[in-house]
Amino acid sequence: MKNFKSVLLAAGLALSAFPNAFAQEADENKVIITGVRFAYPLVDKWIKEYTAANPKAQIVIETRTITDPAKYDLLIEAYDQEKEVKESREYISIGRYALLPVANAKSAFAKEYADKGLNEKTYKQIFFHDIYAEKDKSLTTQYTIYTRLQKAGAPLTFARYFGYEQQNIKGKAIAGADEHLIKALLKDETGITYTTPGLAYDLQTRKPLDGLTIIPVDFDGNGRVSKEEKALENLDQVITALETDKVKNVPVENIHFSIDKHNSNPEAKKFLLWVAENADKDLHQFGYLKADAKRLAQEKEKLERFQAVK
């Protein structure tokens, strides 16, 4: 009888330990991601494909507010961080995004500049506070600029490309994400802004979003906009032009994943390496340019060494 009770006790202890072991395994397999919202559709596709091949993995995207980034396993970032931040994190640049000027399709600005286009001089006069910039006296069409209120990747990249900071961008500052700029612009027939191809185009039809006009720019920097530079009706043609030519007047920046160097979450590391191997085939579909191959190879090598650290 005594032996029987001992067996029951041992079995009970084993069963009580099982939920804890299961919970520990679940925590190890869970990866929480946050960061720039315009990348969420692309990252969500990767999550679905990765978890189909790795059913135990639990990878979720959470919209970031003011929460400490240390809460998250992975960050999606759309600009290069300061040196101090980069010293504590591993980065992998999985693609690049461009920023194009867009206007409400009903606006007089869209009608005039869809034909005229923007060169560097006009760009600076329209979007930035610069009393020293050479003025384009032909710029008389009414327009209203929309820009981001919070510090973010797209406005930082846009401003820095032209030699400014985010706070130098003129216009109405909108709270929220990059897609909120598009929503505001579509309600204002004088509206113009800057945005990524993934937000400016319908990803199914590959044509500009209904209600938007993509404003052509002086791609080669010769001071005028050619017929070829006005060919913006097909997203795939635009991506090809941006990837194959040394384009000017179009800000381009890397889209990164980053992970804390002290993060020991094995699933997060595994997912990052999977993305590095598989990202290339999906980038164009979602409006991104392919990553710089040399940079990606170097960062992937660092990640492989990082993954080996337990």
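Letter by letter, the sequence shown follows residues -23 to -1, 1 to 287 in mature numbering (1 follows the signal peptide of the UniProt record, and there is no 0).
All C-beta atoms in this analysis are idealised placements derived from N, C-alpha and C, irrespective of residue type, glycine included.
Note that the structure is a prediction, hence the values are computed from the model and not measured.
Here the stretch 159 to 173 makes contact with the stretch 72 to 88; the two share three or more CB pairs at distances below 8 Å. In the pairwise beta carbon analysis, the stretch 91 to 98 is classified as not touching the stretch 262 to 273: fewer than three pairs are separated by under 8 Å.
With a 10 Å radius around the Cβ and a threshold of 16 neighbouring Cβ atoms, A256 comes out buried. Around the beta carbon of K271, fewer than 16 other beta carbons sit within 10 angstroms, so the residue counts as exposed.
Per DSSP, reduced to three states, the secondary structure at P243 is helical. A straight-line Cα-Cα distance of about 8 Å links A218 and V224. With a cutoff of 8 Å on beta-carbon distance, L77 and Y171 are scored as near each other. The Cβ neighbour count for A34, taken over all protein chains shown within 10 Å, is at least 16; the residue is labelled buried.
Runs of the beta strand (DSSP E) spanning 3 or more residues and lying entirely within the stretch 106 to 190 occur at 121 to 125, 149 to 151 and 168 to 172, in chain order.
The straight-line gap separating the alpha-carbon atoms of K48 and L126 is approximately 24 Å.
When secondary structure is reduced to three states using DSSP, V252 falls in the helix class.
For I71, the secondary structure class from DSSP, reduced to helix, strand or coil, is strand.
Look at P18 here: in three-state DSSP terms it is helix.
Within its own chain, the residues whose Cβ lies closer than 7 Å to the Cβ of F139, once the five positions on either side in sequence are excluded, are Y100, K101 and F105, listed in chain order. A contact is defined here as three or more CB-CB pairs under 8 Å, and the stretch 22 to 31 fails this definition with respect to the stretch 231 to 241.
In terms of Cβ geometry, L51 and V8 form a close pair [threshold 8 Å]. Between the C-alpha atoms of A268 and R73 there is a straight-line separation of about 6 Å. Annotated three-state conformation of N31 is coil, per DSSP. Under the three-state reduction of DSSP, K279 is assigned to helix. Put simply, of G130, I146, N145 and R137 the residue whose alpha carbon is nearest the alpha carbon of D155 is G130. Using a 10 angstroms sphere on the CB of R14, the tally of other CB atoms reaches 16 or more, which defines it as buried. Judged by DSSP secondary structure, V62 falls within the alpha helix (DSSP H) whose first and last residues are K60 to K63. In the pairwise beta carbon analysis, the stretch 277 to 284 is classified as not touching the stretch 183 to 200: fewer than three pairs are separated by under 8 Å. The Cβ-Cβ distance between A87 and Y123 does not fall below 8 Å.
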